[in-house]
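See structure below.
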Amino acid sequence: MTSGLVIRTAGRLLAPFIFIFGFYIVAHGHLTPGGGFQGGAVIATGVALILVCYYYKDCIDKLTPAKNFKLVEAAGLILYICTALSGLVVGASFLFNWMNATGGLFGHAVAYGVNAGDIFTAGVIPVLNFAIGIEVLGALSVVLMYMFAGLKETTQAEDDAPASTPIIKKSGKQGGKK
Amino acid sequence: MKECTSLFPKRVVMILVILVTLILLLPSIGLTFGEPQTTTTDQYYINNAQVETGANNVVTSIVFDYRGFDTLGEACVLFIAVLGVAMLFRRIGK
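Structure below.
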């Protein structure tokens, strides 16, 4: 896959902001529109941008191999199920919101009515949001990485080599200074 | 001799299935569209979601609290879908 210097630089510039925006959507899922599914999809978009901009081999070597995303995805599902089971541990029902308004982590008192919102409210909902977020992030990224692995792409050395194919040679001076 | 003898001929079974389906669909004839029964669930969520779950976002409180099992099922569906993709690409993805 040939991706120019402009695309590579722009992708490198944009990807951190996309990650931070996705994390914001996940973390504020119980206050603003959004949630785990949407935020995870946004973060996976950043991974897709990196995969498109760079060579797949570079992503595997320098970013992270695909099996780490598989681990992240399984960890998200296990975190969801464990959070749901913790309701049984404290003596309530499965998926019970037992951390709400207890004063501990995510248990601040809620201001009712129209208000700006406090991020440390809503009990287990932020935890479940986070679990779903990393699960969707891992799922979409691992699907993309597996599909990019099947792609037949040129190496960077072949792309940066001086023009030697007949098509480029015909059109005169290209390749230029490198 | 025949290895598999069914109790009823195939034609009779087909007619029976169609008849049972029609009988089960019979009560839906009396339903009228555009006049739904008055429900109180939606108004209950609007009134009590913030008090009961502590989340300002009512949609999130429904998805992760009132309908948490549904979200668990969605997560499992996503997991199984990725499992299928990983199985399909198992030789390439090394």
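Protein chains in written order, with my numbering: chain S, 1 to 178; chain D, 1 to 94.
Beta carbons are placed, not taken as given, at the ideal position from N, Cα and C, and that holds for glycine.
In this structure the region 39–49 of chain S lies against the region 20–27 of chain S, because at least three pairs of beta carbons, one per stretch, are closer than 8 Å. Interface flag for S/N68 against chain D is unset, since no Cβ pair is found closer than 7 Å. By the criterion of at least three beta-carbon pairs nearer than 8 Å, the region 132–150 of chain S is in contact with the region 72–86 of chain S.
In chain order, T71 and A75 make up the part of chain D whose C-beta sits under 7 Å from the C-beta of S/I132. Contact between the region 112–123 of chain S and the region 87–104 of chain S is present, with at least three C-beta pairs closer than 8 Å.
Listed along chain S, the residues sitting closer than 8 Å to D/F89 by beta-carbon distance are Y146, M147, A149 and G150. Buried is the label assigned to S/C53, since at least 16 other Cβ atoms lie within 10 Å of its Cβ.
For D/R11, the uninterrupted alpha helix (DSSP H) segment begins and ends at K10 to L25. The continuous stretches of alpha helix (DSSP H) do not include S/P65, and DSSP gives it neither H nor E.
Residue state for S/D118 is assigned as coil, using DSSP reduced to three classes. Our two residues, S/S86 and D/L72, have alpha carbons roughly 15 Å apart in a direct line. Residue-level contact check: S/A44 does not touch chain D, since none of the beta carbons of chain D fall below 7 Å from its beta carbon. Contact annotation: in the region 36–69 of chain D, residues whose CB is within less than 9 Å of a CB in chain S are Q50, V51, E52, T53, G54, A55, N56, N57, V59, T60, S61, V63, F64, D65, G68 and F69. CA-CA distance, S/F106 to D/V58, rounds to 17 Å. D/F89 counts as buried, since at least 16 other C-beta atoms from the protein chains shown sit within 10 angstroms of its C-beta. It is roughly 9 Å from the alpha-carbon of S/T32 to the alpha-carbon of D/T60. With respect to the C-alpha of S/G34, the residue from D/V82, D/Q50 and D/F64 having the closest C-alpha is D/F64. For S/V90, no CB of chain D lies under 7 Å from its own CB, so it is not counted at the interface with that chain. Counting every other CB atom within 10 Å of its CB across the protein chains shown gives S/G29 a total of 16 or more, marking it as buried.
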